[in-house]
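Notes follow the structure.
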Amino acid sequence: RAADGGGGGVFQGWAGGYPEITKENELFERYYRELGIVPAGEWDAFMAALREPLPATLRITGYRSHAKEILHCLKEKYFKELQDLEVDGQRVETPQPLSWYPEELAWHTNLSRKILRKSPQLEKFHQFLVSETECGNISRQEAVSMIPPLLLNVNPHHKILDMCAAPGSKTAQLIEMLHADMNVPFPKGFVIANDVDNKRCYLLVHQAKRLNSPCIMVVNHDASSIPNLQIDVDGRKEVLFYDRILCDVPCSGDGTMRKNIDVWRKWTTQNSLQLHGLQLRIATRGVEQLAEGGRMVYSTCSLNPIENEAVISSLLEKSQGALELADVSSELPGLKRMPGITKWKVMLKDGQWFEEWKDVPSNRQTQIRPTMFPVKDEEKLKAMSLERCLRILPHHQNTGGFFVAVLIKKSPMPWNKRQPKVHLKLPQRTGDTEVTAATSDNDSECIAEEPIVTENEESKKIQEFPNSDTDQSNKGGVCGPPPSKKMKLFGFKEDPFVFLPEDDPLFLPIQKFYALDSSFPKMNLLTRTREGKKRQLYMVSEEIRNVLLNNSEKMKVINTGIKVWSRNSDGEQFGCAFRLAQEGIYTLYPFIHARIINVCIEDVKILLTQENPFLSKFSSETQKKVKDMVMGSIVLKYSPDPEKPDDLQCPIVLSGWQGKTSLRAFVPKNERLHYLRMMGVEVFKAKRKEEKLESKTEEVQNRLAQTEEGMDVEEQDLVTKMEAEIGEESSHGPVESSGMEVENKIEDLNESSKNANSHISQESR
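Put into structure tokens, the structure is as follows:
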């Protein structure tokens with residue numbers, strides 16, 4: 001699959017790893033000149049743009065309450081520092097917002113990614129981008145890659161399927177849209193993100209994890225035969241149809257030549273001919289699973305009509321009116337686009353052209369298929385409105401090349417006319433036959449169909465008697481991986497997803513300790529172990545729970561849920577064996593009514609720059625609140641003061657720990673850096689000085705890691721020793737001493753605040 005500009009993908013081009021590649025390909029030029037996809041008089045500009053490196057673009061995570069703060073920080077600090085800079089003889093232009101992206105949340109520069117990484121003058125800006133990307137506040141994503149999620153028109157209640165999701169930059173956009181209202185911890189909608197490549201699924205998990213959403217599930221299936229899922233609605237099993245589907249299919253990637261420069265050397269028409277059938281099967285499977293009235297966006301990072309208009313026209317033709325192309329010409333104003341084309345030809349890699357299927361010799365009919373040609377019937381062609389497709393050309397707005405089509409489903413697909421109505425129960429088959437969609441290995445005309453409900457006696461019996469295997473696998477809320485005989489894809493073995501039973505004694509002390517609200521959805525808590533001590537507790541939304549419990553046999557689930565509590569070996573003596581996890585704090589906070597300490601901005605700075613600071617360092621108000629509180633896990637809440645506009649104007653919620661004589665925050669390093677930047681604290685540190693500290697801090701970090709769970713044991717001595725070894729007098733030094741000191745302190749903070757045990761199982765790692 002060609003790289004799609006996703007922020008999590010490994011960047012292939014301009015990294016110094018390639019020998020010099022001549023940016024010439026005669027067949028490429030001949031092919032696209034003949035097809036006429038570039039307007040007259042623009043060919044030279046088109047080719048010149050393709051030979052230029054792709055400028056770096058970034059997107060600010062839109063649903064976070066501090067998106068405005070990041071935008072302000074970028075504009076007022078980092079972008080201003082780029083003014084009048086010259087790098088390698090090239091003048092750095094001030095970054096500009098993408099005119100078509102809402103609320104100035106996406107920006108582009110004239111800097112290539114290579115220059116951004118290598119230039120010493122840009123090191124500070126690059127460190128900022130890397131750090132903010134890691135904690136999910138920024139995505140370094142190609143501009144055209146941002147278009148498909150925007151055209152899906154997602155609402156928080158939508159059930160969404162991302163069919164070919166890795167590396168996950170578009171998936172992240174979809175998650176953001178679900179959480180448009182930050183005051184709703186559990187939106188009704190969800191995202192199921194799928195990828196066929198097991199290893200790329202973990203890249204997808206990493207991307208999704210940065211957003212800390214309980215509404216995302218990563219699965220590992222072949223998109224062209226992704227199984228039908230079922231959900232429980234008022235005690236009835238119903239087929240899950242999706243309101244929105246993103247179908248960003250594998251493609252030849254000739255729109256990515258500006259960053260994947262190997263495409264210049266390797267490009268032939270053969271790539272498109274080989275992919276067309278798969279693309280059509282995936283798109284067909286997508287529209288089958290789309291709800292009536294739902295919207296599916298089909299996209300590729302290719303300019304080739306064989307992968308684009310040919311797939312769409314074939315899909316429209318066989319849908320017999322069930323699908324239509326949406327007119328999105330008024331959406332995303334400011335985006336320059338070309339309409340879809342209605343006439344094209346097919347070319348073999350030897351340069352031979354074919355205008356119609358009947359011209360193709362029999363010995364070429366395995367390479368070239370009838371679905372690759374345009375529809376000949378003029379009336380049919382006109383009714384398809386192929387001009388409603390979008391083609392993005394690189395020279396129009398200094399981007400990559402891209403293709404997008406937006407499809408609306410008006411009625412069931414003709415081959416699914418007898419598909420189950422919403423209120424019917426579905427039969428389930430067991431034994432050696434999988435409860436998945438039928439698949440076909442034949443050519444592109446074959447369709448993976450949904451199960452058809454027949455009204456015979458056998459299906460009635462199945463409805464009356466629940467499937468014993470399914471009941472067994474879900475007993476006690478356990479959603480294990482599919483049985484090994486059903487696993488067609490090889491990869492890491494996943495731990496099961498085990499929901500906490502309603503009467504689990506584990507939960508009562510947690511509920512009491514944190515005074516959880518009666519509305520807290522405890523049934524949505526899960527662990528990743530059937531036996532032994534539960535070390536981590538994760539949380540999913542009610543809708544994801546429904547999907548998990550009803551489809552454990554069909555799905556290979558890689559990951560879902562956010563960590564909300566971690567077992568703490570010393571916590572039990574204080575009344576609760578589980579401490580709060582930072583990644584789930586914003587989801588949990590609305591339900592917590594105890595152990596909340598409101599802190600001022602100066603307290604936050606101390607918490608984020610010092611390890612186990614003594615209580616005496618905090619404001620008198622904070623000291624009073626802590627005085628009568630028992631030791632253990634706490635919530636540290638900062639609320640902005642509108643009367644102090646110079647202070648940080650977005651709320652912060654931190655997971656913390658109160659010891660005998662100290663207070664600390666359990667926050668990962670990059671998140672610490674993020675909050676400090678937003679508060680105006682300089683955190684930049686030049687790379688060359690980092691190495692000198694490594695040997696000094698390694699021993700201290702190891703010791704901290706060992707003492708993560710027991711802050712109350714010999715706490716004072718430990719802190720004193722740490723401060724001596726690190727070489728800082730944290731009792732006396734000011735918080736905003738210098739960027740170097742702040743960064744050094746954060747380097748020395750224990751990564752215990754980072755996720756101690758990754759949600760991905762040990763065996764997976």
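If you count the sequence shown from 1, position 87 lands on 87 in UniProt numbering, and the numbers rise without skipping.
C-beta atoms are modelled at their ideal positions from N, C-alpha and C, and glycine is treated no differently.
All values derive from a computational prediction rather than experimental measurement.
Validate contact between the region 119-138 and the region 181-197 using beta carbons, cut 8 angstroms, 3 pairs: no
Are there 16 or more other CB atoms within 10 angstroms of the CB of residue 662, so buried, or fewer, so exposed? The residue you call residue 662 lines up with position 662 of the sequence shown. Buried, because 16 or more other Cβ atoms sit within 10 Å of the Cβ of residue 662.
Starting from the C-beta of residue 392, find all residues in its chain whose C-beta is less than 7 angstroms away, skip the five residues before and the five after it, and write them out in chain order. Locating residue 392 in the sequence shown gives position 392, where the first residue counts as 1. Same-chain partners within the cutoff: 144, 337, 399, 401, 402.
As an exercise, report each continuous beta strand (DSSP E) stretch of at least 3 residues that is fully enclosed by the region 216-298, in chain order. 216-219, 230-233, 236-239, 242-248
Delimiting residues of the beta strand (DSSP E) encompassing residue 56: Taking the first residue of the sequence shown as position 1, residue 56 is located at position 56. Start and end: 55-60.
Whole beta strand (DSSP E) elements within the region 561-602, 3-residue minimum: 562-567, 578-580, 596-598
Measuring CB atoms only, is the region 303-320 touching the region 73-91, in the sense that at least three cross pairs come out at less than 8 angstroms? no
Between which two residues does the beta strand (DSSP E) containing residue 159 stretch? Position 159 of the sequence shown, counted from the first residue, corresponds to residue 159. Looking at the DSSP string, the run of the beta strand (DSSP E) that includes residue 159 is 159-162.
CA-to-CA distance, residue 215 to residue 290, given in whole angstroms: Walking along the sequence shown from the start, residue 290 turns up at place 290. Walking along the sequence shown from the start, residue 215 turns up at place 215. So the alpha carbons of these two residues sit roughly 19 angstroms apart.
Indicate the three-state DSSP secondary structure (helix, strand or coil) for residue 200 in the structure shown. Taking the sequence shown and counting its residues from 1, one reaches residue 200 at position 200. Note: residue 200 maps to helix in three-state DSSP.
For the region 124-154, list the alpha helix (DSSP H) runs that are entirely contained and at least 4 residues long, ordered along the chain. 147-151
Identify which residue in 252, 272, 270 has its Cα closest to the Cα of residue 263. Stepping through the sequence shown from its first residue, residue 263 is reached at position 263. Closest by C-alpha distance to residue 263, out of 252, 272, 270, is 252.
Assigned exposure category for residue 508 - 16 Cβ within 10 Å defines buried: Reading the sequence shown from its first residue, position 508 is the one you call residue 508. Flag for residue 508 reads exposed.
Which of the three DSSP states is assigned to residue 184 in this structure? For the purposes of this step, residue 184 is identified with residue 184 of the sequence shown, where counting begins at 1. Three-state DSSP puts residue 184 in coil, outside helix and strand.
Return the Cβ separation of residue 204 and residue 250 in integer angstroms, given the expectation that the two are a contact with Cβ distance under 8 angstroms. For the purposes of this step, residue 204 is taken as residue 204 along the sequence shown, with counting starting at 1. For the purposes of this step, residue 250 is taken as residue 250 along the sequence shown, with counting starting at 1. The distance from the Cβ of residue 204 to that of residue 250 is about 15 angstroms, inconsistent with a contact at the 8 angstroms cut-off.
Enumerated in chain order, which unbroken segments of the beta strand (DSSP E) with a length of 3 residues or greater are wholly contained in the region 304-333? 323-325
Rounded C-beta distance between residue 138 and residue 61? I'm assuming under 8 angstroms. Mapped onto the sequence shown, residue 138 falls at position 138. Mapped onto the sequence shown, residue 61 falls at position 61. Going by Cβ atoms, the distance from residue 138 to residue 61 rounds to 7 angstroms, so yes, they are a contact pair.
Can you name the start and end residues of the beta strand (DSSP E) that residue 658 belongs to? For the purposes of this step, residue 658 is taken as residue 658 along the sequence shown, with counting starting at 1. Per DSSP, residue 658 belongs to the beta strand (DSSP E) from 652-658.
Figure out for me which residue from 351, 570, 533 has the closest Cα to the Cα of residue 34. Position 34 of the sequence shown, counting from 1, holds the residue named residue 34. For residue 34, the nearest C-alpha among the options comes from 351.
Among 497, 354, 666, which residue has its Cα nearest to the Cα of residue 531? Residue numbering aside, residue 531 sits at position 531 when the sequence shown is read from its first letter. That would be 497, whose Cα lies nearest to the Cα of residue 531.
Suppose contacts are defined by Cβ-Cβ distances below 9 angstroms. Is residue 246 in contact with residue 325 by that definition? Stepping through the sequence shown from its first residue, residue 246 is reached at position 246. Stepping through the sequence shown from its first residue, residue 325 is reached at position 325. Cβ distance not < 9 angstroms, so residue 246 and residue 325 don't count as in contact.
Buried or exposed, going by whether 16 or more other CB atoms sit within 10 Å of the CB of residue 851? With the chain covering only 1 through 765, there is no way to say anything about residue 851.
To the nearest whole angstrom, what separates the beta carbons of residue 342 and residue 381, a pair I think is in contact under 8 angstroms? Within the sequence shown, numbered from 1, the residue matching residue 342 stands at position 342. Within the sequence shown, numbered from 1, the residue matching residue 381 stands at position 381. Sure, about 6 angstroms apart at Cβ, within 8 angstroms.
State whether the region 544-561 contacts the region 621-641, with contact taken as three or more CB pairs (one from each stretch) at a distance under 8 angstroms. no
Figure out for me which residue from 389, 153, 197, 254 has the closest Cα to the Cα of residue 220. Counting from one through the sequence shown, the residue named residue 220 turns up at place 220. Measuring from the Cα of residue 220, the nearest candidate turns out to be 197.
What does the alpha-carbon distance come out to for the pair residue 177 and residue 156? Translated into positions along the sequence shown, residue 177 becomes position 177. Translated into positions along the sequence shown, residue 156 becomes position 156. Computed Cα separation, rounded: 7 angstroms.
How long is the line joining the alpha carbons of residue 283 and residue 298, rounded to whole angstroms? As a working mapping, residue 283 is identified with position 283 in the sequence shown. As a working mapping, residue 298 is identified with position 298 in the sequence shown. Their backbone Cα atoms lie some 7 angstroms apart in a straight line.
Helix, strand or coil for residue 72, going by three-state DSSP, please let me know. By 1-based counting over the sequence shown, the position of residue 72 is 72. Three-state result, residue 72: helix.
What is the DSSP secondary structure of residue 510, reduced to helix, strand or coil? For the purposes of this step, residue 510 is identified with residue 510 of the sequence shown, where counting begins at 1. Note: residue 510 maps to helix in three-state DSSP.
Please return the same chain residues whose Cβ sits closer than 8 angstroms to the Cβ of residue 664, not counting the five positions on each side in sequence. Counting from 1 along the sequence shown, the entry for residue 664 is found at position 664. Answer for residue 664: 607, 611, 612, 613, 656, 657, 711, listed in chain order.
Out of 258, 505, 394, state which residue places its alpha-carbon closest to the alpha-carbon of residue 113. Position 113 of the sequence shown holds residue 113. Selected option, being the one with the closest Cα: 258.
Does the distance from the C-beta atom of residue 589 to that of residue 635 stay below 9 angstroms? To locate residue 589, count along the sequence shown from 1; it is residue 589. To locate residue 635, count along the sequence shown from 1; it is residue 635. In this structure, residue 635 lies closer than 9 angstroms to residue 589 by Cβ.
Would you mind sorting residue 456 into buried or exposed? The rule is 16 or more other CB atoms within 10 Å of its CB. Along the sequence shown, one-based indexing puts residue 456 at 456. Interpretation of residue 456 is limited by its pLDDT of 33, a score under 50 that renders its predicted location unreliable; no figure is taken from the coordinates.
Start and end residues, alpha helix (DSSP H) containing residue 78: On the sequence shown, residue 78 is found 78 positions in, with the first residue counted as 1. For residue 78, there is no enclosing alpha helix (DSSP H), since its DSSP letter is neither H nor E.
Give me the Cβ distance between residue 654 and residue 573, rounded to the nearest whole Å; I'm assuming they're in contact under 8 angstroms. Here residue 654 corresponds to residue number 654 of the sequence shown, with the count starting at 1. Here residue 573 corresponds to residue number 573 of the sequence shown, with the count starting at 1. The Cβ separation is near 23 angstroms, so there is no contact.
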